[in-house]
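A short worksheet on the structure shown next.
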Amino acid sequence: MSTPSSCNDRVPEIHRALANWFGNPVGEKLAVAEQEMLEHFAESLFGYYLVQIDTIANDSVRFENCPIRHKLHVSAAADDAECDLCALGEQLPLQNDCLDAVVLRHTLDFSVDPQQLLREVERVLIPEGRVLIVGFNPLSLWGVWRLFLGWRGHVPWCGHFLSYWRVADWLGLLGFDIEYTDVAAFTPPLPPRWQQRLGFLEGLGRRVWPMLAGVYVIRAVKRVSTVTPVKLRWHGLRVLSPGGVIEPSARRNGVSQHNEVSER
Numbered sequence: 011m012s013t014p015s016s017c018n019d020r021v022p023e024i025h026r027a028l029a030n031w032f033g034n035p036v037g038e039k040l041a042v043a044e045q046e047m048l049e050h051f052a053e054s055l056f057g058y059y060l061v062q063i064d065t066i067a068n069d070s071v072r073f074e075n076c077p078i079r080h081k082l083h084v085s086a087a088a089d090d091a092e093c094d095l096c097a098l099g100e101q102l103p104l105q106n107d108c109l110d111a112v113v114l115r116h117t118l119d120f121s122v123d124p125q126q127l128l129r130e131v132e133r134v135l136i137p138e139g140r141v142l143i144v145g146f147n148p149l150s151l152w153g154v155w156r157l158f159l160g161w162r163g164h165v166p167w168c169g170h171f172l173s174y175w176r177v178a179d180w181l182g183l184l185g186f187d188i189e190y191t192d193v194a195a196f197t198p199p200l201p202p203r204w205q206q207r208l209g210f211l212e213g214l215g216r217r218v219w220p221m222l223a224g225v226y227v228i229r230a231v232k233r234v235s236t237v238t239p240v241k242l243r244w245h246g247l248r249v250l251s252p253g254g255v256i257e258p259s260a261r262r263n264g265v266s267q268h269n270e271v272s273e274r
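End of the sequence shown = 274 in our numbering, gap-free, step of one.
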């Protein structure tokens, strides 16, 4: 599911357009729900450095209750007032294993190369570091809106809208384990008066069909597997004489007996 070229070719414009969209009533309601979920997932994080790779200009999550000491913002838009480092998420100018947490709020949805972005996140995270991902779900009423409006190149409908299962698969291939997930936006992106009438869908959807939510949040941890070499125990080896036959080992009273070798 590719993003239209109009979304990929205008990165700074996309940042500003997303900021404008999240400033309208529908976007504001969604932004509040997303920030609540992110704040909740970040309360139990720890470490020294948390980096948000921003997609929405001047609209970063504050993470006031997150105990991580230093919180920085990376953005591809040079005019982003909250940007601490101007860089592409697919080419982070950071050393390996230096961050404790990374936040991607719709960053995968509007990345030129989402898989490369995740590879960069895996590279800069320390072992047991966390990544928080917010994404639009194509298998939802929001995904239906995208089918009709995505071709126009307008945000947010021109984004990738990567499914939860695809993102989870990419994370698994990179060695991440998903710890927590949450969902929101079961009502379609209609004007506020219609959303109020359909507000019952939020509670009902979380209980009955959470997979059809318009937005999902994932918290995943970077696992690093280590290989422990197994030393050969040379003193336990027995040399067979030519023509010898190995008899099956027997276990009597919980004690394994050595293989017997009989000569022909």
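Cβ coordinates follow ideal geometry from the N, Cα and C atoms, glycine included.
Specify, as a first and last residue, the run of the alpha helix (DSSP H) that residue i falls within.
i, result
"E38", "35 to 52"
"R217", "210 to 218"
Just verifying my parser: in three-state terms, what is the DSSP assignment at residue i?
i, result
"S12", "Note that S12 scores 43 on pLDDT, short of 50, meaning its location in the model is unreliable; the coordinates nonetheless yield the value given after this. S12 falls in the coil class under three-state DSSP."
"L183", "helix"
"E189", "strand"
"V225", "strand"
"L28", "helix"
"A111", "strand"
"V231", "strand"
"A178", "helix"
"R262", "Residue confidence is low: R262 scores 42 on pLDDT, short of 50, so the model does not pin down where it sits. Its coordinate-derived value is still stated next. Correct three-state label for R262: strand."
"E23", "helix"
"Q105", "coil"
On the DSSP bridge assignment, give the partners of residue i in chain order.
i, result
"H80", "Y59"
"D64", "S85"
"C96", "S85"
"A194", "V225"
If you drop the 5 nearest sequence neighbours on each side, which residues of the same chain put their C-beta closer than 7 Å to that of residue i?
i, result
"E138", "V231, K232"
"C76", "A52, E53, L55, L60"
"T65", "H25, L28, R115, H116, T117, F120"
"M47", "D192, A194, V227"
"G153", "N147, F171"
On the DSSP letters alone, give me the boundaries of the beta strand (DSSP E) that residue i sits inside.
i, result
"R207", "Run containing R207: none in the beta strand (DSSP E); it sits in the alpha helix (DSSP H), 202 to 207."
Might you give, ordered along the chain, the residues of its own chain that have their beta carbon closer than 8 Å to the beta carbon of residue i, omitting 5 neighbours on each side?
i, result
"H164", "A27"
"G185", "E132, K232, R233, V234, S235"
"D110", "L55, F56, G57, Y58, Y59, L60, I78, L135, I136, G139, R140"
"N68", "A29, D90, A91, E92"
"H245", "Residue placement at H245 cannot be trusted, given a pLDDT of 48 that sits under 50; what the coordinates show is reported in the next sentence. Hits under 8 Å: none found."
"Q101", "E130"
"L74", "Reading the sequence as shown, one finds Glu at residue 74 and not Leu. Once the five neighbours on either side are set aside, the close Cβ partners of E74 are E49."
Give every residue of the same chain whose Cβ lies closer than 6 Å to the Cβ of residue i, excluding the five residues on either side of it in the sequence, and list them in chain order.
i, result
"I143", "L114, I228"
"W155", "P199"
"V193", "P220, A223, Y226"
"V71", "Q45, L48"
"D94", "L82, H83"
"P22", "A87"
"R205", "The residue asked about is misnamed: residue 205 is Gln in this sequence, not Arg. Only T197 meet the Cβ criterion."
Cβ of residue i within 7 Å of any heavy atom in the ligand ZN?
i, result
"L48", "Ligands in the displayed structure: none, and consequently the ligand ZN is not present."
Output the residue ranges of the alpha helix (DSSP H) runs that lie fully inside the region 113 to 164 and measure 4 residues or longer, sorted by chain position. Counting only runs of 4 or more residues that sit fully inside the region 113 to 164, the alpha helix (DSSP H) segments are 124 to 134, 151 to 159, in chain order.
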